[in-house]
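Structure first, commentary second.
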Amino acid sequence: MIAGENSSFEIIKAKNGLTTLKYHGDREVFLHSSFDPEMEGRRWAEGVDCQPDETVIVLGIGLGYHIKALARRLTSGKIIAIEPHEELIASCSNYWVFKDLITKNKVIILSSKQPAKNFLAGFVDPFHLEKVKIAEYHPLRYYFSREFIDILREINNSLSHLFVSANTVLYFSRTWTQNFFANLDKILTAVPADLFKDVFPNRPGIIVSAGPSLNKNIHLLKKAKGKAVIIVVGTALRPVTAIDVKPDIAVSLDGSEANYRHFQELSISGFPLLFDAIIYPQILREHQGPLIASVFYDTFSRWLINSGLQVPGQISIGPSVANMAFDFALKLGLDPIIFIGQDLAFSDGHTHARGTVYEKNKPTDDKANLLEIDGFDGGKVLTSRSLHSMLLYLETQIALTANGRNIINATEGGAKIAGTRAMTLNEAINLYCKDKFDPEEKIQAICSSYNPPGLDAMGKLAQKIKEEIGGLEKTSKIARSGLRLANNLELLLRAKEPIQHKINKLLKRLDAVDKELKNLSAGLLPVDMAFQPVWFYLNKGAFDKEAEDQYTEGIRLAKKTQFLYHGLIESINIVKESMLKAAKNIDRGSE
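The opening position of the sequence shown corresponds to residue 1 in full-length UniProt numbering, with each subsequent residue numbered one higher.
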């Protein structure tokens, strides 16, 4: 039978009575065996290089005999099955032989209409990309090579983006923890971001980023002022305020000291600043204007909740501050949302607009780091791998969260952004920014009416933090004891003649230390983010090399234990010092 009207695919019986799949293309061919498609699927699955606990992205579904066979091998793993040829989904989905595995979440289906980058983030652990494999079902690849190449390129880009995001978290985890506690008093007294939900329904908004094409249309912001909510990312504050335009809202989140430079010597002050908890602390200390707080990372949100505090809101962040600005624009209810300065590529030999702290930066000349991509005006533009990662992230964010709103790319240069409509800023203002309204007055009213926690609540929090520090000191003391035991264990195991009864005694004491630490684990929440690099290194299997004998194995375990305890002690010391400063800041504010 033909699988659907005008279909190129036919479902027929194989010689052994099972259904198989025939393709009517330039010539008629079987896409599964005409004799025994089940056996063919088993043979394919046996040839896939994977472990039982891994995730395998399978390109090509057909009727799915090969997928069902592969699922038997992945006892604790899963399959993400992608059909690059859209017609095959419609033709074959009623005949899939693995439907029961979909309901058990063992197999996840992705069609070519769903961008892989939007989909994989929800099902792939970015900290364990070494456990992700890609396998192609060759009979389908042979006849639909163009579709396979397109989806394979998209998957590789998506996995690369996930890798970059995960490594950013690992690299900054300790800095962000320190910043969170340094900012704690400001987080608690700032206006919660949640209070701004749907404040400007169906009003236009302009997100101003600092790409080089901002030079072309920044002057038009004066025309849009009072007719759109102007949201300016931190990097673009200097050029925007230099032309005497006061942002309705500024947005910043970068936790590094370099971010502070964007806020120095501004021509205008007093504008509201939306910040994430990880922002560089000096920015909040010196900002002259209302502060609007958001806490993105769950570790910090859970700590606030456990401390009896309210989370001020969770505005999504990403590799660029524009991601946070976009999510807040959605929360405000803005429609359309207009991007300017969002090049995400190199324009006119520059990386950033005039007037920014990066205005003299030139594009990389490292050809290995350059990519040619589709541009705003239909041609090609050069971008770096990091900027391309940001582009993919923004496109994913738009696809997943825009929910039918009009997203306009009025950058007038740089990269083409999927999910947006391209036009000039002048066209966008003439089309969408017609009615006058006063965003500043509305935002100021919300900020003025907010009542932060009282002095009594702040005093109680400072006391609770001090008690938590005491718990961390106790945990650190136990971990130091465990570290000494692990060091002694290694020395015993390296002796010419290891004494087994002494080794057994140390192992027993180490077990007791482990149990003590597990009993105290609930109090380690403040350390969670700072401990991520240690945890990641351990889970990557750095100490999991198979040993030749029991003593070599013992030395391996001793070193793993040393690394664990040393990392825990170091993380506690960092967090303890940060929490102590936070308690002092809160104490000063409650006096």
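All C-beta atoms in this analysis are idealised placements derived from N, C-alpha and C, irrespective of residue type, glycine included.
- D374 is positioned such that its CB atom lies no closer than 8 Å to that of G211.
- Taking the C-beta atoms as reference points, T55 is found nearer than 8 Å to V124.
- At a cut-off of 4 residues, the continuous stretches assigned as alpha helix (DSSP H) that sit fully inside the segment 36–78 are 37–46 and 65–73.
- In the structure shown, F339 adopts extended strand secondary structure according to DSSP, grouped into three states.
- In the structure shown, the three-state DSSP call for P439 is helix.
- Within the same chain, G226 and K227 come within 7 Å of K436 by CB-CB distance, once the 5 residues on both sides are set aside.
- Taking 8 Å as the cut-off, the Cβ atoms of L489 and A558 count as close.
- About 6 Å separates the Cβ atoms of G60 and R141, confirming a contact at the 8 Å cut-off.
- Excluding sequence positions up to five before and after M324, its CB lies within less than 6 Å of the CB of V251, L253, I315 and I317, all in the same chain and listed in chain order.
- Distances from the CA of A445 to each of R238, L195 and S347 were compared; the closest alpha carbon is that of L195.
- With 16 or more neighbouring CB atoms inside 10 Å of its own CB, S389 falls in the buried class.
- A81 is a Cβ neighbour of I67, given a cutoff of 8 Å.
- P204 is not a Cβ neighbour of L394, given a cutoff of 8 Å.
- Under the 8 Å Cβ criterion, the segment 349–365 does not count as touching the segment 421–429, having fewer than three qualifying pairs.
- Here DSSP, grouped into helix, strand and coil, assigns S384 to strand.
- Contact between the segment 261–275 and the segment 237–247 is present, with at least three C-beta pairs closer than 8 Å.
- By the 16-neighbour rule on beta-carbons within 10 angstroms, L392 is buried.
- Counting only unbroken stretches of 4 or more residues, the alpha helix (DSSP H) elements lying wholly within the segment 355–430 are 385–401, in sequence order.
- Note: G205 is bridge-paired with V229 and I337 in the DSSP secondary-structure output.
- Per the Cβ contact rule, the segment 374–385 is not in contact with the segment 305–314 (fewer than 3 Cβ pairs under 8 Å).
- Exposure of R588 is indicated by the presence of fewer than 16 other C-beta atoms within 10 angstroms of its C-beta.
- Inclusion of G255 and F172 in the CB contact set at 8 Å is warranted, their separation being smaller than that value.
- Spatial neighbours of S476 in its own chain (CB-CB distance under 6 Å, excluding positions within 5 residues in sequence) are listed in chain order as I569 and I572.
- Put simply, of N167, H352, F275 and S213 the residue whose alpha carbon is nearest the alpha carbon of N179 is F275.
- Around the beta carbon of G349, a 10 Å sphere encloses fewer than 16 other beta carbons of the protein chains shown; the residue is thus reported as exposed.
- Taking all protein chains in view, the Cβ of R238 is crowded by 16 or more other Cβ atoms within 10 Å, so the residue is classified as buried.
- Distance from the CA atom of L332 to the CA atom of E83, rounded to whole angstroms, is 37 Å.
- Contact annotation: K560 and L538 have beta-carbon atoms nearer than 8 Å.
- Annotation: P290 to D327 spans about 19 Å, alpha carbon to alpha carbon.
- The count of Cβ pairs closer than 8 Å, one atom from the segment 131–150 and one from the segment 96–111, stays below three, leaving the stretches out of contact.
- Between the alpha carbons of H138 and T19 lies a gap of roughly 19 Å.
- If you compare the alpha carbons of I443, K496 and K518 with that of K474, the shortest gap goes to K518.
- DSSP, read as helix, strand or coil, puts A14 in coil.
- Given a length threshold of 4 residues, each whole run of the alpha helix (DSSP H) inside the segment 81–161 is given here in chain order: 86–92, 99–103, 116–120 and 138–143.
- Here F35 is exposed: its Cβ has fewer than 16 other Cβ atoms, across all protein chains shown, within 10 Å.
- Closest in alpha carbon position to A190, among R285, P526 and G459, is R285.
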